[in-house]
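Enquirer: Let me begin by handing over the structure; questions about it come next.
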Amino acid sequence: MTRTIIEGGHIATVDAAGTEHDGGHVVIEAGVIAAVGSGRAPEQWRAGADVVDGTGTLITPGLVNTHHHLYQWLTRGYAQDSILFDWLTSLYPLWSRIDAGLTGVGAAGAMAVLARSGCTTVGDHHYIFPKGSGDIVGSIVEAASTVGVRLHATRGSMDLGASQGGLPPDFAVETTDAALAASHEAVERYHDPSFDAMVRVAVAPCSPFSVTADLLREAAVLARSLGVRLHTHASETIEEDAYCAENFGKTPTQYLEDLGWLGDDVWMAHCVHLDDRAIERYAATGTGVAHCPSSNGRLAAGIAPVRAMLDAGVPVGLGVDGAASNESGQLGIEVREAVLMNRLRTGADSFSVRDGLRIATMGGARVLGRQEEIGSLEVGKLADIAVWQVDRVEHAGIIDPVAALGLGAMPPLKRLFVGGRAVVEDATLVTTDEMALARDVAAASRGLAERL
Ligand SMILES: [Zn+2]
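If you count the sequence shown from 1, position 360 lands on 363 in my numbering, and the numbers rise without skipping.
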């Protein structure tokens with residue numbers, strides 16, 4: 004069947020006007036949205052179509068995850084009461100035992116849970132590459148293909164060990180040249196620039212306190228020469244602010260801008276501690292932000308000024324962050340987290356459930372540079388669609404289906420489509436055996452811990 008009709012649900016298109024259809028239809032043909040509107044699908048589409056009854060559902064664009072460390076699916080529950088720098092230093096030794104085989108298992112587990120929580124596009128940031136660990140980026144690409152989600156892999160890196168004034172131990176870092184060469188190779192091997200690409204690759208040195216200025220500068224030159232995007236962590240904690248002040252005499256934003264790291268081809272994770280001047284620079288340059296509310300809460304990093312960023316015109320997407328600082332790993336939950344956290348910072352009327360849905364979809368698409376392809380339900384876009392069941396006892400009677408997602412329990416999925424292919428049906432992943440995957444994840448987590 005190459006044509007699918009979903010009809011009868013409440014459709015939140017997340018187009019520029021925020022159009023919604025209560026009891027509408029979406030038509031998928033050859034992996035692309037062929038029609039969307041109110042009422043039943045017109046007769047012209049019905050011949051030979053597979054019809055999904057969307058009665059009692061909320062139909063949204065597939066959610067876009069803009070920041071993750073998929074391998075951390077194997078290292079959850081550690082350092083439960085630590086702030087970022089202490090949490091990192093306690094986990095580096097474990098992480099530096101990772102290899103391609105273990106990463107593939109962790110990535111599949113993390114992406115299975117993302118898919119079951121409404122996510123169709125997965126951004127990953129992998130920055131730890133022990134010697135002899137194999138093709139780690141390749142293992143993540145393969146896991147995404149198994150689960151059936153769209154992947155924005157990044158080839159991360161660290162080259163500033165503790166002996167040179169960095170945070171990570173020396174055994175966890177690469178040389179600058181090796182990191183650049185491997186980043187180049189990952190782009191050449193896996194990046195697909197086409198409209199419906201299932202895999203794109205970006206270049207992603209880890210953070211100002213684990214990477215040299217040389218690597219940041221050269222990585223930006225490399226990415227731009229290859230036509231791919233740039234990603235890193237920025238302004239996550241007050242300790243990072245203090246590190247940049249002491250070592251560079253600058254804020255993280257000033258430091259990164261001086262190294263060529265602000266631009267509409269760059270997105271940063273967290274941005275909790277941006278001042279007004281920094282927000283203005285992000286907005287003026289089109290630099291994107293991955294907002295990760297649960298992780299910021301877990302590590303007590305603070306609450307990012309998302310309202311101010313959006314008002315200034317900064318592209319903002321949503322992210323779960325690595326599962327070692329967000330054991331849930333469910334992107335659907337982050338919509339509610341974003342609503343609650345931003346209200347704690349700026350007030351009850353400052354951030355609506357529709358703001359939450361918009362950053363989780365169109366915002367993320369913009370952050371990843373895919374606003375023409377995904378992020379809203381509009382004719383001609385890729386058919387990445389979440390069909391949330393909102394008529395069961397958890398949600399029955401909630402007067403607004405978008406509030407069911409943004410304020411209620413995370414709804415189960417009736418369907419999740421990626422490029423028109425059903426990846427989740429009736430809350431179950433249909434692309435891979437979840438029970439077998441759970442056993443593999445448990446064994447891999449244990450195996451990694453035993454390497455310490
Ligand atoms: Zn992160």
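From the three backbone atoms N, C-alpha and C, an ideal C-beta is built for every residue, glycine too.
1. Is it the case that the CB of A272 approaches a heavy atom of ligand 1 more closely than 7 Å?
2. Would you say D324 touches ligand 1, meaning its beta carbon is less than 7 Å from a heavy atom?
3. What ranges does the alpha helix (DSSP H) occupy inside the region 168–222, keeping only unbroken runs of at least 4 residues that lie completely in it?
4. Specify the secondary structure class of P45 as computed by DSSP and reduced to three states.
5. Checking the sheet assignment: what are the DSSP bridge partners for A237?
6. Compute the beta-carbon to beta-carbon distance between H276 and I241, rounded to the nearest angstrom, for a pair I have assumed lies under 8 Å.
7. Where in the region 27–105 do unbroken runs of the alpha helix (DSSP H), each at least 4 residues long, occur, reported from the N-terminal end onward?
8. Enumerated in chain order, which unbroken segments of the alpha helix (DSSP H) with a length of 4 residues or greater are wholly contained in the region 402–435?
9. CB of H276 to nearest heavy atom of ligand 1: below 7 Å?
10. With a threshold of 6 Å on Cβ separation, who are the neighbours of V426 within its own chain once the five nearest residues in sequence on each side are excluded?
11. Using a threshold of 7 Å, is the CB atom of H294 nearer than that to any non-hydrogen atom of ligand 1?
12. Apply the 10 Å Cβ neighbour rule to M344 and answer buried if 16 or more other Cβ atoms are within range, or exposed otherwise.
13. Under a Cβ-count criterion, where at least 16 other Cβ atoms within 10 Å of its own Cβ denotes burial, should M271 be classed as buried or exposed?
14. Does ligand 1 have a heavy atom nearer than 7 Å to the CB of H72?
15. Can you give the Cα-Cα distance for G472 and S166, rounded to whole angstroms?
16. Identify which residue in G400, A446, E381 and A407 has its Cα closest to the Cα of H28.
17. Quick one: measure Cβ to Cβ for A33 and W76, integer angstroms, because I've assumed they're closer than 8 Å.
18. Would you give the residue range spanned by the beta strand (DSSP E) that V125 belongs to?
19. Give the DSSP-derived three-state secondary structure of A327 in the structure shown.
20. By how many angstroms is the C-alpha of V144 removed from the C-alpha of T202?
21. Pull up the CB-CB distance for I8 and A50, whole angstroms please, since I reckon it's below 8 Å.
22. Would you mind reading off the limits of the alpha helix (DSSP H) that contains A293?
23. Quick test of your reading: G137 and A181, contact by CB under 8 Å. State the CB separation rounded to the nearest angstrom.
24. In whole angstroms, what separates the C-alpha of L440 from that of T106?
25. Name the residue from I14, G320, S448 and L313 whose alpha carbon lies nearest to the alpha carbon of G366.
26. Taking A205 as the reference, give the member of A386, P196 and G109 with the closest Cα.
27. Taking the C-alpha atoms as reference points, what is the distance between Q83 and A327?
28. Grab me the residues of F88's own chain with a C-beta within less than 7 Å of its C-beta, minus the 5 sequence neighbours each way, in chain order.
29. Is H155 near ligand 1 - that is, is its Cβ less than 7 Å away from at least one heavy atom of it?
30. Sorted by chain position, which residues of the same chain lie with C-beta nearer than 8 Å to A110's C-beta, five sequence neighbours on each side aside?
31. Check whether the Cβ of H24 sits closer than 7 Å to any heavy atom of ligand 1, and report yes or no.
32. Below 7 Å, is the gap between the Cβ of H128 and the nearest heavy atom of ligand 1?
33. Ignoring anything shorter than 3 residues, give me the beta strand (DSSP E) runs that lie fully in the region 309–381, in order along the chain.
34. Report the rounded CA-to-CA distance for A37 versus T256, giving the unit in angstroms.
35. For L302, write down the residues that DSSP places opposite it in a beta bridge.
Expert: By the coordinates alone:
1. Mapped onto the sequence shown, residue 272 falls at position 269. It does: the Cβ of A272 is within 7 Å (strictly closer) of some heavy atom of ligand 1.
2. Here residue 324 refers to the residue found at position 321 of the sequence shown. Remark: the shortest separation between the CB of D324 and any heavy atom of ligand 1 falls under 7 Å.
3. Positions of the alpha helix (DSSP H) runs, each at least 4 residues long and wholly inside the region 168–222, are given as 179–193 in order along the chain.
4. The count along the sequence shown starts at 1 and reaches residue 45 at position 42. Here P45 carries a coil assignment [DSSP, helix/strand/coil].
5. As a position in the sequence shown, residue 237 is number 234, starting the count at 1. According to DSSP, A237 bridges with H273.
6. Position 273 of the sequence shown, counted from the start, is the residue given in the question as residue 276. Position 238 of the sequence shown, counted from the start, is the residue given in the question as residue 241. A Cβ-Cβ separation of about 6 Å places H276 in contact with I241 under the 8 Å criterion.
7. Note on the region 27–105: whole alpha helix (DSSP H) runs with a minimum of 4 residues are 87–98, in chain order.
8. Within the region 402–435, the complete alpha helix (DSSP H) runs of at least 4 residues are 404–409.
9. Within the sequence shown, numbered from 1, the residue matching residue 276 stands at position 273. In this structure, H276 has its beta carbon at no less than 7 Å from each heavy atom of ligand 1.
10. Position 423 of the sequence shown, counted from the start, is the residue given in the question as residue 426. The beta carbon of V426 sits closer than 6 Å to the beta carbons of A118, G151, L419 and T434 from its chain, once the five residues preceding and following it are set aside; these are given in chain order.
11. Locating residue 294 in the sequence shown gives position 291, where the first residue counts as 1. Flag unset: Cβ of H294 not near ligand 1.
12. On the sequence shown, position 341 is the one that residue 344 refers to. Its Cβ being crowded by 16 or more others within 10 Å, M344 is buried.
13. One-based indexing of the sequence shown puts residue 271 at position 268. M271 comes out buried.
14. Position 69 of the sequence shown holds residue 72. In this structure, the C-beta of H72 approaches ligand 1 to less than 7 Å from one of its heavy atoms.
15. Any question about residue 472 goes unanswered here, given that the chain covers just 4 to 455.
16. Residue mapping note: residue 28 aligns to position 25 of the sequence shown, counting from 1. Checking every option, the nearest Cα to that of H28 belongs to E381.
17. Here residue 33 refers to the residue found at position 30 of the sequence shown. Here residue 76 refers to the residue found at position 73 of the sequence shown. Contact between A33 and W76 is absent: CB atoms are separated by about 33 Å, not below the 8 Å threshold.
18. The residue you call residue 125 lines up with position 122 of the sequence shown. Here the beta strand (DSSP E) through V125 covers C122 to G126.
19. Along the sequence shown, read from residue 1 onward, the residue named residue 327 stands at position 324. In the structure shown, A327 falls within a coil segment according to DSSP collapsed to helix, strand and coil.
20. Here residue 202 refers to the residue found at position 199 when the sequence shown is read from its first residue. Here residue 144 refers to the residue found at position 141 when the sequence shown is read from its first residue. In the sequence under discussion, the amino acid at residue 202 is Val, which differs from the Thr named in the question. The C-alpha of V202 lies about 7 Å from the C-alpha of V144.
21. Sequence index remark: in the sequence shown, residue 8 carries index 5 (1-based). Sequence index remark: in the sequence shown, residue 50 carries index 47 (1-based). Contact annotation, I8 with A50: C-beta distance approximately 11 Å; criterion of less than 8 Å not satisfied.
22. Locating residue 293 in the sequence shown gives position 290, where the first residue counts as 1. No alpha helix (DSSP H) contains A293, which is instead part of the beta strand (DSSP E) from G291 to H294.
23. Sequence index remark: in the sequence shown, residue 137 carries index 134 (1-based). Sequence index remark: in the sequence shown, residue 181 carries index 178 (1-based). Taking a contact as a CB-CB distance under 8 Å, the pair G137 and A181 does not count as one, their CB atoms being some 15 Å apart.
24. Taking the sequence shown and counting its residues from 1, the one referred to as residue 440 is at position 437. Taking the sequence shown and counting its residues from 1, the one referred to as residue 106 is at position 103. Counting only the Cα atoms, T106 lies some 13 Å from L440.
25. Numbered from its first residue, the sequence shown carries residue 366 at position 363. Selected option, being the one with the closest Cα: G320.
26. To locate residue 205, count along the sequence shown from 1; it is residue 202. Nearest C-alpha to A205: P196.
27. For this step, residue 83 is matched to residue 80 along the sequence shown. For this step, residue 327 is matched to residue 324 along the sequence shown. For Q83 and A327, the distance between alpha carbons rounds to 9 Å.
28. Position 85 of the sequence shown, counted from the start, is the residue given in the question as residue 88. Residues L170 and E242 of the same chain have their beta carbon placed closer than 7 Å to that of F88, with the five preceding and five following residues left out of the count.
29. Counted from its first residue, the sequence shown places residue 155 at position 152. Between ligand 1 and H155, a heavy atom-to-CB distance of less than 7 Å is absent.
30. Locating residue 110 in the sequence shown gives position 107, counting from the first residue. Closer than 8 Å at Cβ, skipping near neighbours: L73, Y74, W76, D127, S142, I143, A146 and A147.
31. Residue numbering aside, residue 24 sits at position 21 when the sequence shown is read from its first letter. Because no heavy atom of ligand 1 lies under 7 Å away, the Cβ of H24 does not count as near it: no.
32. Here residue 128 corresponds to residue number 125 of the sequence shown, with the count starting at 1. At least one heavy atom of ligand 1 lies closer than 7 Å to the C-beta of H128.
33. The qualifying runs are 319–321.
34. For the purposes of this step, residue 37 is identified with residue 34 of the sequence shown, where counting begins at 1. For the purposes of this step, residue 256 is identified with residue 253 of the sequence shown, where counting begins at 1. Computed Cα separation, rounded: 42 Å.
35. Counting from one through the sequence shown, the residue named residue 302 turns up at place 299. None, per the DSSP bridge assignment.
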